[in-house]
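The UniProt record's numbering numbers the first residue of the sequence shown as 1 and each following residue consecutively. Everything on this sheet refers to the single structure shown next.
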Amino acid sequence: MSEMTEMTEMNEMTEMTEMTEMNEMTEMTEMTEIINKSESKIMFDNQFVSEDDIFMILDGDNIKKNVHFSKWKFGVMKLKINSIENSNFENKQKNKRHYHYVFTVDCSGSMSDRCNDNRTKMDHIIHTLINMIVYFAENIHLNVSITVFAFDDILYQIVENIVVNKENLEELIEKVKQIRPKGLTNIEKALVNAKEYILKYCHDHVVDAGNSTYESATREKIIVTHIFMTDGDANIGNNVPDELKKIIDIGHVDDVSISNVFIGFGVDHNAYLLKCLSSENNNAYYFVDALEKAGLVYGEILHSVIFKVLENATISVNNGYIYDWKKNMWDTKITIGDLVGDTNKLFHVLSDNPADFTCLIQSNYCGSGDYFEFTIQSNLGLEGSEGSVSFEDLTKYKYRQKTQELLFEVNEYNFSRFNKNTNNNAFNFTRGFKMDMSIEVKDETKEIQQNLKVKMKTLLDEMKNYIKTIGDIGDIGDIGDIGDIGDIGDIRDIGDIRDTSEDIKFMKLLCDDIYICLQTFNTNYGAMFSCSRQTSQGAQRCYSATQTPYIGRNNTFDDDNCDDNDDFCLNTPLKLKRSNNIRIDGLGVNDISKLFLEEVDNIPYFSKNICADDYQVSDQIDNPYSTSSILSLMRSCSTNVDEF
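Structure representation (structure tokens):
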């Protein structure tokens with residue numbers, strides 16, 4: 001009897017072990033389906049890195065500057081994340097997530113300013129919020145609840161922890177419509193309130209939920225996303241960025257993923273403050289240049305949360321380095337944060353042994369927290385192997401690398417300039433982007449300014465000339481928004497049309513990055529535009545700021561008489577003065593033929609108009625980093641603009 005019992009127990013243990021192993025194998029198979037194996041690959045350029053190129057390497061805790069890699073190869077790692085909305089893995093996990101969105105909406109007096117379409121900023125924000133709520137109600141399987149706060153110098157609770165469905169949709173819409181602009185702007189009070197609310201929410205729904213039901217197999221992973229939006233700056237309460245940043249540090253909460261998204265509307269918001277608040281990995285900063293396009297930004301944010309499949313991801317490489325755009329350094333391991341379904345990601349790499357170069361992606365699945373890893377192996381030299389490749393022409397990616405490095409330099413200069421002018425005085429932080437920047441600068445600073453302008457202009461010219469060679473398109477000024485295949489010129493091989501169109505679109509985005517930074521360089525708006533373009537290019541976002549401020553012809557910036565309205569909402573051009581006596585004339589990027597920069601410092605390179613080439617900035621969201629699911633959600637949050 002004892003032997004029978006022992007045999008039975010052994011058989012049961014064996015069966016349980018086999019079932020566990022099978023479940024683990026099944027789960028791992030399902031998890032690896034997240035990565036598209038055929039489209040995720042490593043490519044290396046057919047030329048060695050130029051001897052003139054120098055790099056900054058992070059070796060452990062030591063930074064090595066001016067490193068040459070003349071015998072190394074530049075490469076690209078492409079990572080394709082599958083759309084898993086209908087996959088078995090997603091169906092298995094989706095009931096384990098609950099999304100809670102906390103909206104903190106600026107309703108200070110400036111939100112009553114009117115935009116180009118004669119609607120107020122508040123009108124646009126309310127309309128966008130309503131579109132988001134409608135989307136949640138129409139997709140009830142997402143399991144979304146929302147809380148809405150409005151703030152000026154007082155806090156208003158509009159909606160508290162309501163699960164969105166079709167039955168309460170109209171009630172929620174009516175509540176949101178009650179938000180009215182008034183009062184001053186107390187950002188400190190709004191952030192303190194958001195933190196206290198999120199901690200209470202987590203305590204009520206996680207800590208106090210430790211009962212048998214909560215601990216069952218249907219236990220939910222709670223994803224809390226705090227979306228903070230403002231069009232201005234703090235004019236009451238604490239306004240020191242580093243001190244405000246401490247407020248939002250909630251720390252780790254088991255079974256809860258918490259992130260903050262900070263959105264600045266128009267050029268009157270404090271870009272330095274929002275950039276500081278978003279500096280942690282789980283936070284993000286978006287700059288909305290035109291209020292009419294706010295829905296596009298919200299749609300992209302929603303997509304990054306709803307379709308997130310992996311979190312806290314890192315990439316480690318063997319036999320080389322990988323580029324970290326946030327630090328402008330090459331390292332053996334970088335943190336890339338969350339990975340979202342139906343997205344394509346690019347990472348730049350260097351190796352002196354491309355055939356043995358590997359990338360290891362390590363992460364956790366955001367629903368279950370299970371460990372995930374995936375290795376991409378270079379197939380160079382593996383003849384006969386499936387997917388074997390040879391060296392390729394990666395010219396466009398090398399231009400992207402140059403663009404990212406220069407964007408980092410320009411952005412660092414713009415923000416360091418802001419820091420110097422504020423002199424670390426708390427009261428000056430609120431005026432950092434509105435103050436008169438036409439101060440006397442040291443010769444060394446002027447040399448940096450001139451050097452950066454030369455770099456931007458030179459790189460822009462190089463990339464424009466390269467675009468001309470792609471499809472024999474003639475004048476780069478004719479490109480503008482690339483939509484129709486017919487816009488790209490006389491391409492004789494119909495099989496190359498799609499690839500050529502994508503290459504031009506890719507390069508055009510890089511040109512836009514540099515051009516917009518050049519146009520706004522050394523102005524009161526330079527930091528927010530360079531930050532937006534650098535972040536959108538580095539993080540590979542769909543939306544990026546394109547509409548630079550309207551600037552009055554032959555006028556200079558006068559801080560005492562400056563209208564505090566959103567520059568993008570004015571029908572009358574603003575006035576602007578630059579610190580080194582460059583005058584900007586024109587009517588914005590979409591009428592760029594009328595814009596030129598005139599240098600009066602007797603610098604030979606700038607003795608002529610540096611932007612008088614009829615360059616047109618693209619104004620489309622269908623860029624190289626967009627996918628069908630992202631565009632669909634962005635449009636969902638932007639629909640029916642003419643009906644409100």
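Note that CB positions come from ideal geometry on N, CA and C, so glycine has one too.
Practice task
Would you kindly check if the distance between the Cβ of F136 and the Cβ of V148 is under 8 Å?
Solution key: no
Problem - Reduced DSSP secondary structure (H/G/I, E/B, other) of D352 - result: Annotated three-state conformation of D352 is coil, per DSSP.
Practice task
Could you name the residues of the same chain whose beta carbon sits closer than 6 Å to that of D324, not counting the 5 residues immediately before and after it, in chain order?
Solution key: These residues qualify, in order along the chain: D331 and I334.
Handout entry: Limits of the unbroken beta strand (DSSP E) element including I35
Key = Premise fails: I35 is in no beta strand (DSSP E) and is neither H nor E.
Practice task
Please report how far the alpha carbon of T395 lies from the alpha carbon of N46, in whole angstroms.
Solution key: If I take the Cα positions, the gap works out to 10 Å.
Practice task
Going by DSSP, name the residue or residues bridged to I146.
Solution key: For I146, the pairing in a beta bridge is given by DSSP as Y101 and I162.
Handout entry: C-alpha gap between L510 and R400, whole angstroms
Key = 7 Å
Exercise for the section: Output the boundary residues of the beta strand (DSSP E) element that contains Y298. Expected result: It is not in any beta strand (DSSP E) - Y298 instead sits in the alpha helix (DSSP H) that spans A294 to I306.
Problem - Where G337 sits in the DSSP three-state scheme - result: strand
Handout entry: Nearest-angstrom Cα separation, counted from N379 out to F44
Key = 10 Å
Exercise for the section: In angstroms with no decimal places, state the Cα-to-Cα distance between N82 and N283. Expected result: Straight across, the Cα-Cα distance linking N82 with N283 is about 24 Å.
Practice task
Compare the C-beta of I336 against all C-beta atoms of chain C and say whether one is closer than 8 Å.
Solution key: Absent from the structure is chain C; it holds one protein chain and no more.
Problem - Beta-carbon spacing of Y365, F374 below 8 Å - result: no
Handout entry: Inter-residue spacing [alpha-carbon to alpha-carbon] between Y413 and L184
Key = 31 Å
Exercise for the section: Using only alpha-carbon positions, find the residue among V134, D338 and H100 that is nearest to K200. Expected result: The closest CA to that of K200, considering only V134, D338 and H100, is found on H100.
Handout entry: Classification of H252 by the beta-carbon crowding that lies within 10 angstroms, buried from 16 upward
Key = By the neighbour-count criterion, in which a residue is buried when 16 or more other Cβ atoms sit within 10 angstroms of its Cβ, H252 is exposed.
Exercise for the section: Drop a sphere of 10 angstroms on the beta-carbon of L633, count the other beta-carbons inside from all chains shown, and report buried for 16 or more, exposed for fewer. Expected result: Buried: at least 16 other Cβ atoms inside 10 Å.
Problem - Counterpart residues of C366 in DSSP-defined beta bridges - result: According to DSSP, C366 bridges with nothing at all.
Problem - Where I488 falls: helix, strand or coil (DSSP) - result: Any reading at I488 must be qualified, since the residue scores a pLDDT of 38, below 50, and its modelled position is unreliable; no value is offered.
Exercise for the section: Pick out whichever of L302, Y272, L273 and V267 has its Cα sitting closest to the Cα of N290. Expected result: In the sequence as presented, Asn is not what sits at residue 290; that position holds Ala. If we check each option's Cα against that of A290, V267 comes out closest.
Problem - Exposure of E171, with buried meaning 16 or more beta-carbon neighbours within 10 Å - result: exposed
Practice task
Please look up how many angstroms separate the CB atoms of A234 and E188, rounded, as I've assumed it's under 8 Å.
Solution key: Yes, A234 and E188 are in contact; Cβ-Cβ is about 7 Å, under 8 Å.
Practice task
Would you mind sorting K246 into buried or exposed? The rule is 16 or more other CB atoms within 10 Å of its CB.
Solution key: exposed
Exercise for the section: Could you tell me which residues DSSP pairs with S316 in its beta bridges? Expected result: K333 and L360
Exercise for the section: Would you identify the three-state DSSP class for H141, choosing helix, strand or coil? Expected result: H141 falls in the helix class under three-state DSSP.
Practice task
Give me the Cα-Cα distance between I126 and V105, rounded to the nearest whole angstrom.
Solution key: 9 Å
Problem - Other residues of its chain near S279: CB distance less than 8 Å, five sequence neighbours each side excluded - result: Closer than 8 Å at the Cβ level, and outside the excluded window around S279, lie K245.
Handout entry: Stretch pair the stretch 525-538 + the stretch 306-318: three plus CB contacts closer than 8 Å
Key = no
Handout entry: Contacting residues, own chain, Cβ-Cβ under 6 Å from Y397 (five flanking each side not counted)
Key = V76
Problem - Alpha-carbon spacing of H303 relative to S638, whole angstroms - result: 14 Å
Handout entry: Selected residue, minimal CA-CA separation from I263, among Y286, L273 and Y272
Key = I263 has its Cα closest to that of Y286, out of Y286, L273 and Y272.
Practice task
Report yes if the CB atom of I133 is closer than 8 Å to the CB atom of I154, and no otherwise.
Solution key: Using a Cβ distance threshold of 8 Å, I133 and I154 do not count as a contacting pair.
Exercise for the section: Report back the beta-carbon spacing between F529 and T520 to the nearest angstrom; my notes put them in contact at under 8 Å. Expected result: 4 Å
Problem - C-beta contact flag for V349 and I376 at 8 Å - result: no
Practice task
Have a look at K326 and N312 and give me their C-alpha separation to the nearest angstrom.
Solution key: 16 Å
Handout entry: Between the CA atoms of G320 and N131 - distance to the nearest angstrom
Key = 46 Å
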